[in-house]
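Reviewing the structure listed below.
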Amino acid sequence: MAELKTNVNAVWNGGTTGNGILKAAYLDTKIAIPTDLKGSGNGTDPKELLVSSATTCYIATLTSILENRKLPIVEHTINSEATITDNVFTITHNPQIVLSNEATKAQIQSAERAIVGADRACEVGNLLKKAGVIIETKGNVSLK
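Number 142 in UniProt numbering belongs to position 142 of the sequence shown; there are no gaps in the numbering.
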């Protein structure tokens, strides 16, 4: 992978029960300490940002693979869920790919393989896996 630099800026106001603003080139969001950690909860927290990063990487990678395969995509979406305990951090991606009714059996199988391929190729996911995060993918391909 070529070197990639990203610049993110955060400004914080008001101690642990305060909140802040996180900005990057295309990101502008409120950040806060979650209420279960005695914060205000008035913004996204680091775990949400981490899971969002993994989700964004996965769907962008999946989009690229699907486009390269020229499949008759109607839509594709993803829902990701994180489970965090004292010793285990698991992210489960649930991608849903909808192909047109005219899709062939070979195209359906290609879309199913793309779900697995995107997991293998996602750079953020691979970095997280190296850090011990468990990433599971439970996708579905349907016709419309």
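Beta carbons: idealized from backbone N, C-alpha and C, even for Gly.
According to DSSP, is residue i part of a helix, a strand, or is it coil?
i: A24; result: strand
i: P46; result: helix
i: L71; result: coil
i: A118; result: helix
i: A2; result: coil
i: E136; result: strand
i: V51; result: helix
i: A60; result: helix
i: N101; result: coil
i: T35; result: helix
Please go through the same chain and pick out, in chain order, the residues whose beta-carbon is closer than 6 Å to the beta-carbon of residue i, but skip the five residues on each side of it.
i: G43; result: N19, K30, I31, A32
i: D45; result: P34
Return the chain-ordered list of same chain residues with a C-beta closer than 7 Å to the C-beta of residue i, the five sequence neighbours on each side being excluded.
i: V141; result: I97, L99, I108, A111, E112
i: K129; result: I135
Give the C-beta separation of residue i and residue j to the nearest angstrom, bearing in mind that I take them to be a contact with Cβ-Cβ under 8 Å.
i: A54; j: G125; result: 5 Å
i: V8; j: I21; result: Rounded, the Cβ-Cβ distance is 11 Å, inconsistent with contact.
Would you mind stating whether residue i and residue j have Cβ atoms separated by less than 8 Å?
i: N101; j: L143; result: yes
i: E136; j: T92; result: yes
i: G139; j: N68; result: no
i: T16; j: K47; result: no
i: V51; j: A2; result: no
Just to confirm my understanding: we take residue i, look at its own chain, exclude 5 residues before and 5 after, and list those with CB closer than 8 Å. What are they?
i: L66; result: I73, H76, I97, A111, A114
i: G41; result: A32, I33, P34, T35
i: A131; result: none
i: L27; result: V8
Determine, using beta-carbon pairs with one atom in the region 54–67 and one in the region 111–131, whether at least three such pairs fall under 8 Å.
Under the 8 Å Cβ criterion, the region 54–67 counts as touching the region 111–131, having at least three qualifying pairs.
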